[in-house]
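Protein chains in written order, with my numbering: chain Z, 2 to 410; chain G, 2 to 410.
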């Protein structure tokens, strides 16, 4: 059961002019699953992406980077689940290229105009015959109104599809933003998540698409973690189809650029948080905010240490205010000159620790009350500067172990 | 059920001349538990220790460091379970000092001659009245033959006591080494574990005791991890009572020094591995050896990334050769210029991956056979140098979650 997250209402998902989506059941790993998605993009769109920093990055990630670098105009994306095509060496690269060639033939494009994405089991050969056989059905399914279907088409261990949409006024024009994402394990994105896609019809100078993708990832996908396992396939792609009627945005610092950025960040954050809410076995959604640091980087370092601690995560699962575990994780986060006597800890509004020790007025029942909630904010004040940063995570439950002990069976 | 580890045979635990141990039930947290241990050390012993690098180190760790720095001759150690006295601020320091003063009075010593240790729940006030009330019984129990009782006296979530002993001939004299340790969660020692104590009657120059303690910890406790959570209370202390009849060892590089070091490392490694074998919920003992690195530090970095991956650990629990998860962890270990096409992976004798891809001759049933064993060696060859290092860990099971979700209740 995801934490305060339900499947999207199809009526609330707006089509993005210039983008059509088709989904098919190709039987990549299992039969009767939507496992193949094509995203068709009109000519003239600006497309940017950020990808996993895992050195064992998957073949499709390597090919995406190559194709984006060729800069010949991305016109389609091809996404399969069931197989990650990672840890597959040269053979894996050849298989990914073969699927791009196959889709390019259908669409009369160059293979370099296709971005490929794979997610699923690692170190198994990608079944290109099944993917190629599924392409006609996926292409026949293409429609501007299939964002919800696409969110289903990219699911693996996710329990609900993740799609969000909003519209924003820019210079009197209505601009649409829609996005989809998937989790639900091997989630500690480093530059991107596995997988996130956003489309907008905003008109922006093509030179802005890559900084925009990075700014969006940094404020959303790069702030979530489920198990600390950075995936081999993390990919986040932003498409701006340029179909809206406002004047071209030439700077993200302009009023129009800021309006677009804020609206897109809003959707990106919802997509990223949805991955945590539907994290494998998650029963709680935890916001970890670290304040009073010297810089944002050390705030993140502390927040991730807390977010990754199995002891902290199991305490949340048990609703047990065993909050010393949080202090212990702060202590081993790697801040060499951290002074424990400067640290305060809050659980929502409850002031748990003062200057590194238990707050004399803290009562166990107050901690217990907050720990029982499904949404909890942990606030750690380091008392050594003015910087702050936030990370979102979930608890560690029996179901996480069950899901990952059974995943391939 | 610990992995291939049973309770020590009391007859196999040798007394160390110059050390007596007494244990009592003080009711620190729960009644009817051996939870208070005193170790009495004859005058003239060399005592060294290494302690947690956690910045939130516990009050007893801070006091141990102070007392060792005073260098007035350690004559006793006082160890309680049930309460870690960590995250307790100034009040916690005062309580630890009070227990040292109480024991010093009984023994007619200075408080600075006592080393205090606490383990258990974090951020609760140490019940000094109960500890002080328990001291007479612990002192009355003192005997050279109580290493086994001491191993019981320091247990928390451990399921078996951990004690090892051996004798070694140095210059024709018999030298005895005995040690005890405890786990079983919040285990990723950084300089030491929570808790390890070793005693020997070897005669060594006092200036060697601290380098000896560090060398022993580095080869044993600093190579194990259960959950990646570095404890607030990790402490490892080595006592050399100087009672043996060989000539004083003045260098660890000498033949006698090397003989002592090897024998003590052997015991230290057994103590450290015993903690992993009895790790919370452990069903498997995993050796992770990384070879072909540029230096030992990067080998350890990779080994710990694999050892801490919840996905790798749950795959071991499930006996599922989902070995791509190991490659993914290698990839995100933080070696910025790691080339995946140089990496080989072995599971015991099974060659799983060649040059970053699946070994064409690898068969799933071979991986499955090894994964079903209770002892597994993962060997990762980075192909970029001649350095190697080894880390020991366990799997992540349902029981780990149960134990840590229920610990305080």
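Cβ coordinates follow ideal geometry from the N, Cα and C atoms, glycine included.
Between residue 369 of chain Z and the rest of its own chain, which residues show a CB-CB distance below 6 Å, the 5 nearest in sequence each way excluded?
322
Beta-carbon spacing of residue 131 of chain Z, residue 393 of chain Z below 8 Å
no
Going along the chain, which unbroken runs of the alpha helix (DSSP H) with 4 or more residues stay wholly within the region 131 to 219 of chain G?
148 to 154 and 210 to 219
Nearest to residue 81 of chain G by alpha carbon, out of G:55, G:127 and G:75?
G:127
Can you tell me which of the three DSSP states residue 315 of chain Z falls into?
helix
At 4 residues or longer, what runs of the alpha helix (DSSP H) sit wholly inside the region 50 to 123 of chain Z?
60 to 71 and 90 to 108
Nearest CA to the CA of residue 342 of chain G: which residue from Z:11, Z:59 and Z:47?
Of the candidates Z:11, Z:59 and Z:47, the one whose C-alpha sits nearest the C-alpha of residue 342 of chain G is Z:59.
Does the beta carbon of residue 192 of chain G come closer than 8 Å to any beta carbon on chain Z?
Below a pLDDT of 50, predicted positions are generally treated as unreliable, and residue 192 of chain G, at 46, falls in that range; no measurement from the model is reported.
Could you tell me the alpha carbon to alpha carbon distance between residue 257 of chain Z and residue 206 of chain Z, rounded to whole angstroms?
12 Å
Would you mind reading off the limits of the beta strand (DSSP E) that contains residue 379 of chain Z?
Start and end: 376 to 382.
Assuming residue 236 of chain Z is part of the beta strand (DSSP E), what are its boundary residues?
236 to 241
Determine whether the beta carbon atoms of residue 107 of chain Z and residue 24 of chain Z lie at a separation below 8 Å.
No, they are not a contact pair.
Distance check for residue 217 of chain Z and residue 375 of chain Z, CA to CA, integer angstroms please.
CA-CA distance, residue 375 of chain Z to residue 217 of chain Z, rounds to 26 Å.
Give a yes or no on whether 8 Å exceeds the smallest Cβ distance from residue 412 of chain Z to chain G.
Lying outside 2 to 410, the shown extent of chain Z, residue 412 of chain Z is not represented and no answer is given.
Can you give me the C-alpha to C-alpha distance between residue 102 of chain G and residue 155 of chain G, rounded to a whole angstrom?
21 Å
With 16 other CB atoms within 10 Å as the buried threshold, where does residue 373 of chain G fall?
exposed
For residue 222 of chain Z and residue 324 of chain Z, I'd like the C-alpha separation in whole angstroms.
27 Å
Please report the straight-line C-alpha distance between residue 275 of chain Z and residue 17 of chain Z, rounded to a whole angstrom.
21 Å
Closest by C-alpha distance to residue 2 of chain G, when choosing among G:161, G:208 and G:328:
Minimum Cα distance to residue 2 of chain G is reached at G:161.
Within 8 Å, strictly: CB atoms of residue 99 of chain G and residue 115 of chain G:
no
Return the CA-CA distance between residue 26 of chain Z and residue 140 of chain Z, expressed in angstroms with no decimal places.
12 Å
Chain G contact residues for residue 130 of chain Z, given Cβ-Cβ distances below 7 Å
Here the premise fails: no neighbours, minimum Cβ distance about 18 Å.
Would you call the region 233 to 245 of chain G and the region 32 to 50 of chain G in contact, with 3 or more CB pairs under 8 Å?
Output reads yes: the region 32 to 50 of chain G touches the region 233 to 245 of chain G.
With DSSP as the reference, label residue 399 of chain Z as helix, strand or coil.
helix
Through-space distance from residue 179 of chain G to residue 365 of chain Z, alpha-carbon basis
41 Å
How many angstroms separate the CA atom of residue 38 of chain Z from the CA atom of residue 32 of chain Z?
15 Å
Residue closest to residue 327 of chain G, alpha-carbon to alpha-carbon, out of G:230, G:303 and G:270
G:303
Would you call residue 271 of chain G buried or exposed, if buried means 16 or more other Cβ atoms sit within 10 Å of its Cβ?
buried
Identify the continuous alpha helix (DSSP H) that holds residue 309 of chain Z and give its terminal residues.
297 to 309
How about residue 237 of chain G and residue 197 of chain G: are their beta carbons less than 8 Å apart?
yes
Can you look up residue 276 of chain Z in the DSSP assignment and give me helix, strand or coil?
Residue 276 of chain Z falls in the helix class under three-state DSSP.
Taking the continuous beta strand (DSSP E) assigned at residue 290 of chain Z, which residues delimit it?
Note, residue 290 of chain Z: beta strand (DSSP E), 286 to 294.
Considering only residues of the same chain and omitting the five flanking positions on each side of residue 199 of chain Z, which have a CB-CB separation below 6 Å?
180 and 239
Contact with chain Z by residue 318 of chain G, beta-carbon distance below 8 Å
yes
What number of angstroms, rounded off, separates the C-alpha of residue 249 of chain G from the C-alpha of residue 215 of chain G?
Within the model, the alpha-carbon separation for residue 249 of chain G versus residue 215 of chain G is close to 20 Å.
Pick from Z:61, Z:34 and Z:4: whose alpha carbon is nearest that of residue 150 of chain Z?
Restricting attention to Z:61, Z:34 and Z:4, the CA atom closest to the CA of residue 150 of chain Z is found in Z:34.
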